[in-house]
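Numbering (our numbering), first residue to last: 147 to 287. As structure tokens, the structure follows; a few thoughts come after it.
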């Protein structure tokens with residue numbers, strides 16, 4: 147199984163409510179159940195979030211494939227299209243600095259961002275889905 151803590155946001159609350167009927171399908175509970183023994187504190191879901199058969203903080207246990215690394219992203223791109231594609235990606239990410247964070251794997255592309263890139267390249271006439279240097283399965287927070 148994937149490490150629940152590898153991409154968990156720092157300010158993400160976990161759950162320790164053992165009597166919850168939703169616990170077996172809840173990522174927050176799973177994170178609480180597998181909490182590292184050497185960590186002494188964290189944000190947690192309070193019992194007031196639970197109401198009857200529902201919970202305001204419930205999160206389904208879903209995985210997603212993250213990607214990073216652009217070494218071969220532009221291999222089939224014509225020289226005339228490269229600069230425009232690259233600038234559009236940098237603009238989408240917010241800056242050249244952030245673009246390189248995705249390239250180096252500091253930031254990971256979620257599936258929606260990968261789809262956005264495929265759509266961008268398709269708009270320029272490149273129908274082949276983009277291939278990244280690295281992939282990692284992760285919990286979807």
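Here a beta-carbon is modelled for each residue, glycine too, at the ideal position from N, C-alpha and C.
- Judged by DSSP secondary structure, residue 212 falls within the beta strand (DSSP E) whose first and last residues are 209-214.
- Apart from the 5 residues on each side of it in sequence, residue 253 sits with its Cβ closer than 6 Å to the Cβ of 247 in its chain, given in chain order.
- Annotation: the continuous beta strand (DSSP E) that includes residue 285 extends over 280-285.
- If you draw a 10 Å sphere on the C-beta of residue 191, you find 16 or more other C-beta atoms in it, and that means buried.
- DSSP, read as helix, strand or coil, puts residue 266 in helix.
- Residue environment for residue 260: buried (at least 16 other C-beta atoms within 10 angstroms of its C-beta).
- Short of 7 Å from the beta carbon of residue 223, and not among the five residues preceding or following it, lie these beta carbons of its own chain, in chain order: 231 and 272.
- The alpha-carbon separation between residue 268 and residue 186 amounts to approximately 48 Å.
- The region 225-242 makes no contact with the region 188-204: fewer than 3 CB pairs, one atom from each, lie closer than 8 Å.
- In the three-state scheme derived from DSSP, where H, G and I count as helix and E and B as strand, residue 197 is classed as strand.
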